[in-house]
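Participant: Chains as they are written, first to last, in this note's numbering: chain A, -14 to 104; chain B, 12 to 252.
By construction, the Cβ of each residue, glycine as well, lies at the ideal position given by its N, Cα and C atoms.
Bear in mind the structure is a predicted one, so any value in this text is a computation, not a measurement.
So this is what it looks like as C-alpha cells:
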C-alpha cells in the first residue's frame, strides 16, 4: 500500500513538474539551416517571447519573426548578431520563425516562451 | 527506509467510515504520496531545463541570468548614456513585466529620442544587463525587440540590429525578409565615436551622427556599418535584413 502510494506520488510529481515546464517554453527548429535565407517555423502558442540564436557561437547574422495562423508575418523582422529576441503581449496564437541570414551554414535554435515576463 | 506496520488489527474509531483500511495506514500512505510527489516534482524541475521541445540543445543564456540591480562599472565606463542621471522619459511600460534577456533590468534603462522615419521605432532604450548590454526597441504597443551583446563586444560597437517590414509573400511560402528593401538600422557605439558610415546596395554610403551612444537611420538595403573607435582603429560590421 505504501509502496503503491509512493509510486503514484512520484508519478504525480513528475506530471506536475512537466506540466509547469511545458507551460512556459518550447525549443523548436534546432538544426542546421542553409545560408542566405534558410528558414524554419515553430509550433503555435500564445507567445510572450520568441528568441532565435546561432548555436555555433560565431555571432553570425540571424533573423526572427512570428507568423499568424494564416502564415503571414506579424510585426517586424528583427535581425541581429548571434541572437535576437522579441516580446509579444501573449494574446494571440503565433509561431516563431528562425532565419539564417548569414552566408554560412548555421546550427540554429528558436525558443518560444509563453506565460512568462518579457518587458 | 523500511516502514513498520503493526500486525495487530486496529479497530475503527467511532464515527469513522467503515473502510477496509486502518486509519493510521491510510494517513501514512497519504503522507508518503504527498512527500514523494513533492520530491519527484522537485527533482523533475531541477533536472529539466525551461524548454521542453525535442531538441537536446539548452535554451539561450538570455533566459537564465538573474536580473542585475546596478549598472556594471565596465558598462557605465564605456557608454556615457549609462552615466547620466535617470529621467522620467527613460521609463518604459513593459509588454509583460519581468527581467529582460541576460538579466537586463528595465529600471536601469536610459532612453533615446530617434529621428522620425516611416520605420522608426516608438522608443529605443539602452538597458544594462548581466555581463551584456541590450537595446530595447519598442515597435508597437505589444511588440518590443531586444538585442544584446556581451559588454566586451558592445564596447567595440558590435551591438547592432536591422528591423524590417513584413513584405508580401508567395502563396504557401513562409515570409522572408527583403534584403533589397528598406531597413531600419540601429546600434550602440562607445564614447568617442561621433559618426558611423552605413554602406548600402550599389556601394552607396551614408554618414549618421551618433547621439547618446546610439545611431539610427532608415536605409535602403543596408550592407555594412563602419566607424572609428577611440585609438583610431576602424571597424566594420556586416548587416542585412
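1. Specify the secondary structure class of residue 121 of chain B as computed by DSSP and reduced to three states.
2. In three-state DSSP terms, what is residue 164 of chain B?
3. Contact criterion: CB-CB distance below 7 Å. Does residue 82 of chain B meet it with respect to chain A?
4. On the DSSP bridge list, what partners appear for residue 225 of chain B?
5. Hey, is residue 117 of chain B's beta-carbon within less than 7 Å of any beta-carbon in chain A?
6. Please decide whether residue 238 of chain B counts as near chain A, where near means a Cβ-Cβ distance under 7 Å.
7. For residue 211 of chain B, go through chain A and note every residue whose CB falls closer than 7 Å to its CB, in chain order.
8. Excluding the five sequence neighbours on either side, which residues of its own chain have a C-beta within less than 7 Å of the C-beta of residue 243 of chain B, listed in chain order?
9. In terms of residue numbering, what span does the beta strand (DSSP E) encompassing residue 247 of chain B cover?
10. With distances taken from CA atoms, which of B/212, B/139 and B/97 is nearest residue 189 of chain B?
11. Going by DSSP in three states, residue 75 of chain A sits in which element: helix, strand or coil?
12. Just verifying my parser: in three-state terms, what is the DSSP assignment at residue 189 of chain B?
13. Which same chain residues end up closer than 6 Å to residue 208 of chain B when comparing Cβ atoms and leaving out the 5 residues on each side of it in sequence?
14. Taking 6 Å as the limit between beta carbons, can you name the residues of its chain near residue 77 of chain A, skipping five residues before and five after?
15. Taking the beta carbon of residue 104 of chain B as the centre, do at least 16 other beta carbons fall within 10 Å, making it buried, or is it exposed?
16. For residue 63 of chain A, return the contacting residues in chain B, with the cut-off set at a CB-CB distance below 7 Å.
17. Can you pull the chain B neighbours of residue 120 of chain A, defined as C-beta to C-beta under 8 Å?
18. Closer than 8 Å between beta carbons: that is the criterion. Which residues of the stretch 76 to 110 of chain B meet it against chain A?
19. What residues from chain A crowd round residue 112 of chain B, counting only those whose CB sits closer than 7 Å?
20. Give me, in chain order, the residues of the same chain whose beta-carbon lies closer than 7 Å to that of residue 222 of chain B; leave out the 5 immediate sequence neighbours on both sides.
21. Return helix, strand or coil for residue 93 of chain B, following the three-state DSSP convention.
22. In chain order, what residues of the stretch 77 to 88 of chain A put their CB closer than 8 Å to some CB of chain B?
23. Return no unless some Cβ of chain A is closer than 7 Å to the Cβ of residue 215 of chain B.
24. Can you tell me which of the three DSSP states residue 214 of chain B falls into?
25. Specify whether the stretch 60 to 72 of chain A and the stretch 41 to 48 of chain A touch according to this definition: at least 3 beta carbon pairs, one from each stretch, less than 8 Å apart.
26. Can you say whether residue 163 of chain B is buried or exposed, counting buried as having 16 or more other CB atoms within 10 angstroms of its CB?
Facilitator: Taking the geometry as given:
1. Here the question's residue 121 of chain B lines up with position 110 in the second chain. In the three-state DSSP reduction, residue 121 of chain B falls in the strand class (E or B).
2. Taking the first residue of the second chain as 1, we reach residue 164 of chain B at position 153. Three-state DSSP puts residue 164 of chain B in a helix.
3. Counting from 1 along the second chain, the entry for residue 82 of chain B is found at position 71. Residue-level contact by beta carbon fails for residue 82 of chain B and chain A, as no gap is shorter than 7 Å.
4. Against the second chain, residue 225 of chain B aligns to sequence position 214. Residue 225 of chain B has B/199 and B/222 as its beta-bridge partners, per DSSP.
5. Here residue 117 of chain B is taken as the residue at index 106 of the second chain, counted from 1. By the rule that beta-carbons nearer than 7 Å mark a contact, residue 117 of chain B touches chain A.
6. Stepping through the second chain from its first residue, residue 238 of chain B is reached at position 227. Answer no: the Cβ-Cβ gap between residue 238 of chain B and chain A never drops below 7 Å.
7. In the second chain, the residue the question calls residue 211 of chain B occupies position 200. Per Cβ cutoff of 7 Å: no residues; residue 211 of chain B is ~15 Å from chain A at best.
8. Residue numbering aside, residue 243 of chain B sits at position 232 when the second chain is read from its first letter. Hits under 7 Å: none found.
9. Here residue 247 of chain B refers to the residue found at position 236 when the second chain is read from its first residue. Residue range 244 to 249 is occupied by the beta strand (DSSP E) that includes residue 247 of chain B.
10. Along the second chain, read from residue 1 onward, the residue named residue 189 of chain B stands at position 178. For residue 189 of chain B, the nearest C-alpha among the options comes from B/212.
11. For the purposes of this step, residue 75 of chain A is taken as residue 90 along the first chain, with counting starting at 1. Here residue 75 of chain A sits in coil by DSSP.
12. One-based indexing of the second chain puts residue 189 of chain B at position 178. Residue 189 of chain B falls in the coil class under three-state DSSP.
13. Residue 208 of chain B sits at position 197 when you count from the first residue of the second chain. Excluding residues within five positions, the ones whose Cβ falls inside 6 Å are 216, 218 and 237.
14. Along the first chain, read from residue 1 onward, the residue named residue 77 of chain A stands at position 92. Closer than 6 Å at the Cβ level, and outside the excluded window around residue 77 of chain A, lies no residue.
15. Here the question's residue 104 of chain B lines up with position 93 in the second chain. With fewer than 16 other Cβ atoms within 10 Å, it is exposed.
16. The residue labelled residue 63 of chain A in the question sits at position 78 within the first chain. Residues of chain B with a Cβ closer than 7 Å to the Cβ of residue 63 of chain A are, in chain order, 156, 172 and 174.
17. Since the first residue of chain A shown is -14 and the last is 104, residue 120 of chain A is not available in this structure.
18. Per Cβ criterion, the list reads 103, 105, 106, 107, 108, 109 and 110.
19. Locating residue 112 of chain B in the second chain gives position 101, counting from the first residue. Those within 7 Å of residue 112 of chain B in chain A are 70.
20. In the second chain, the residue the question calls residue 222 of chain B occupies position 211. Excluding sequence neighbours, residue 222 of chain B sits near 123.
21. Taking the second chain and counting its residues from 1, the one referred to as residue 93 of chain B is at position 82. DSSP places residue 93 of chain B in helix when its eight states are reduced to three.
22. Within the stretch 77 to 88 of chain A, the residues whose Cβ lies closer than 8 Å to some Cβ of chain B are 82, 84 and 86, listed in chain order.
23. Residue numbering aside, residue 215 of chain B sits at position 204 when the second chain is read from its first letter. No, residue 215 of chain B lies away from the interface with chain A (no Cβ there is under 7 Å from its Cβ).
24. Here residue 214 of chain B refers to the residue found at position 203 of the second chain. Helix at residue 214 of chain B.
25. A contact exists between the stretch 60 to 72 of chain A and the stretch 41 to 48 of chain A.
26. Taking the second chain and counting its residues from 1, the one referred to as residue 163 of chain B is at position 152. Label assigned to residue 163 of chain B: exposed.
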